[in-house]
Amino acid sequence: MSDSGSLRSNSIQLGFPFQLDPGSDTHVDILLEWIKTCDDAHPSPTDELFLPTRLLAIGNEHVSRVRLVCSRHEEILKTDKYVALSHRWGLPDQQQPLEVKFVSATKENINKIMNEGVDDVDLPKTFRDAITITRKLKIKYLWIDSLCIIQKSGQGSDAEAKTDWEREAKLMEKVFSSAYLTIAASCADHKFHGFLQPRTRRQIVTMRSDDGAQFHVCEVIDNFDLDVEQGELNKRAWVLQERALSRRTIHFAHNQTYWECGEGIRCETFTKTENRKASFLGDSNFPHSVKAYKQGRQLQHYQGLYERYSALGLSYDTDRPIAIAGLEKRLMNAIESAGGFGIFQSNLHRDLLWQRRNSESTLKRIDFGALHQFRIPSWSWMAYSGEIRYMNVPFDDIRRAGNIQSPFATLSRGSSYADSGLGRPAELRAPIHTIVVEEPNWLILDEPERSPARPLKCVIIGESKHHKSEQPTNYVLVVSFSGKNEGEDIYERVGVAYLKPEEIVRQESMFVSIR
């Protein structure tokens, strides 16, 4: 370290007995060293050159004003870098501090933000901190969702905001995957909180060895799981996709700063740590790593990801399929499977066998209204709010039903039903059977407070193979009549069940549509 306190060593395997103030010169030197090491040792070029529709031009450290620019009209080179901010919105805009004048871009103020610009002091603290760090990293552009996408203003028609949101939401995958890096405001409870907060100093004991060398003993503060994985930011659904798609992320946590990229996690204390979840989500070209896995392990990874996502919070339940759409698209390409709504054609039967998390939990059907070009099908967990898990189906002990007709069967590999342009509801077609017991022992309804009509109907997804004297168990979707369409009976999923053969009256010739 130089006399000025700036980090000059080419190595980052050093240690400080004290915690640095985030945003200080020495702290930023560490960030720059992380970036340089990543750029030099394991670069991760993007698939294509991409710039978001709008970016904040932030200038340098001697500037205290930002301006929103349109990348199509501004002289932004394709080689120019930009940083993306991942943050919690938190408090409603109505609770903003008096000194904050701009929390989002709306149809009323966007021209001012683009033509005149905005003073830093007029922005929420989290945004100001992101601007500060980006300037110190000598990067000229920053992407912040609420300023780069037109938001609802509550004044008059919000049609323009709705149109802009629908267009930009489809680009979210590219926004984060093409960013030079992502800043995660992990310790900021909301946009007015900020993440460059003074640190609480940890206790230090200074000692000397027998040869007179001085060293320090201090408490261990490296805890990526607690600080990041279990942090408030990562409890939000949108953030899972933002983190997974980012090439590399700097997490500003309460105790320290963490670097995450495809090569692992580095701590501000200069240690390197391993984290199972991070090794998958931190893949700089997510989800490239799953390509090397066999089908069973691929399924375990993405189903685990979906289970985790289902437990995360959303301000609007209708965002459930949108907030993970870019991530799902990446998974489809990596696995080389068509699909949609959280279901993959290559693992259709297993993907259909999801359930509510436990006996105390419940799911609630989401009312999408006219927000989607077609209804999210009842057999997709994306149609519900609430936490899910997948049924325990042994890999070597299942015989799949061969008479289920999938809406994804005609799509090319890697294609999503939502992008297919088919313009009709996604439906399964399969034989429907009658459950002859009133209350099966292993019946799990999606919404327990709703009681479907008896006798219950079901679609057999698969059955376990014989093991000695045990009878095979049928894994089924429980369905209920929901109406008619052009004279045809339409059913919807209401749950799942494990059933013995004698609990079902089979009607193989009676095919119905399940939507």
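With the UniProt record's numbering applied, the sequence shown corresponds to residues 1 to 515, in that order. Glycine is no exception: its CB is placed at the ideal position from the N, C-alpha and C atoms. In this text the structure is predicted, and so the values were computed from the model without any measurement.
With DSSP as the reference, identify every bridge partner of residue i, one or two as the case may be.
i	result
G369	Bridge partners of G369: none, in fact.
C38	Its beta-bridge partners do not exist; DSSP assigns none.
residue 523	Given a span of 1 to 515 for the chain in the structure shown, any question on residue 523 remains unanswerable.
H216	T206
C458	H433, V478
R119	For the record, residue 119 in the displayed sequence is Asp; it is not Arg. According to DSSP, D119 bridges with R65.
S513	R429, I490
I504	I435
K364	S385
R450	Partner(s): none; R450 has no beta bridge.
W259	I250, R266
Roughly how many whole angstroms lie between the Cα atoms of residue i and residue j?
i	j	result
G495	D25	57 Å
E260	F215	29 Å
E463	L299	19 Å
I322	E168	11 Å
L98	R248	35 Å
K364	E427	20 Å
D367	I376	10 Å
Y306	I324	9 Å
G23	D129	9 Å
F224	Y258	8 Å
S337	S86	29 Å
R515	A401	19 Å
S71	S104	18 Å
W238	V205	42 Å
I504	P425	29 Å
M1	R208	Residue confidence is low: M1 scores 37 on pLDDT, short of 50, so the model does not pin down where it sits. Its coordinate-derived value is still stated next. Straight-line Cα distance between these residues: approximately 20 Å.
R399	F18	60 Å
A497	P440	8 Å
K174	I183	16 Å
R389	R357	5 Å
F270	E229	19 Å
H254	R202	12 Å
R243	Q471	45 Å
E274	S153	44 Å
G117	R67	4 Å
I12	L314	Interpretation of I12 is limited by its pLDDT of 36, a score under 50 that renders its predicted location unreliable; the figure taken from the coordinates is listed afterwards. Cα to Cα, the separation comes out at about 38 Å.
L171	K162	15 Å
D396	K465	9 Å
L137	R350	46 Å
S406	G264	39 Å
Between which two residues does the beta strand (DSSP E) holding residue i run?
i	result
D489	488-499
L147	Note, L147: premise wrong, no beta strand (DSSP E); alpha helix (DSSP H) at 145-148.
T434	433-435
S482	474-485
R266	264-267
L445	443-445
What three-state label does DSSP hand residue i in the structure shown?
i	result
E307	helix
G296	helix
H254	coil
V205	strand
Y316	coil
K162	helix
A57	strand
K112	helix
R350	helix
F176	helix
P198	coil
F102	coil
I30	helix
F405	Note on identity: in this sequence residue 405 is Gln, with Phe being the wrong assignment. In this structure, Q405 counts as strand in the three-state DSSP scheme.
W379	coil
S289	helix
L281	helix
E232	coil
Closer than 6 Å to a non-hydrogen atom of the ligand MN - does that hold for the CB of residue i?
i	result
Y302	Absent from the structure shown: the ligand MN. Ligands present: none.
For residue i and residue j, which I take to be in contact (beta-carbon distance under 8 Å), what is that distance rounded to the nearest angstrom?
i	j	result
E488	S513	6 Å
S186	L233	5 Å
R54	V69	7 Å
G262	H42	6 Å
A188	A84	Their Cβ separation, rounded to whole angstroms, is 15 Å, which puts A188 and A84 out of contact at 8 Å.
residue 554	K125	In the structure as shown, the chain begins at 1 and stops at 515. Residue 554 is therefore absent and cannot be evaluated.
Quick one: give me the first and last residue of the alpha helix (DSSP H) that residue i is part of.
i	result
E387	Element bounds for E387: n/a, residue is neither H nor E.
A84	Run containing A84: none in the alpha helix (DSSP H); it sits in the beta strand (DSSP E), 82-86.
Q241	237-245
A184	Counting along the chain, A184 falls outside any alpha helix (DSSP H), though it belongs to the beta strand (DSSP E) covering 181-184.
I131	125-136
L77	Unbroken run through L77: none, as it is neither H nor E.
L327	325-335
Would you verify that the beta carbon of residue i is, or is not, closer than 7 Å to some beta carbon of chain C?
i	result
D119	Chain labels in this structure do not include chain C; a single protein chain is all it has.
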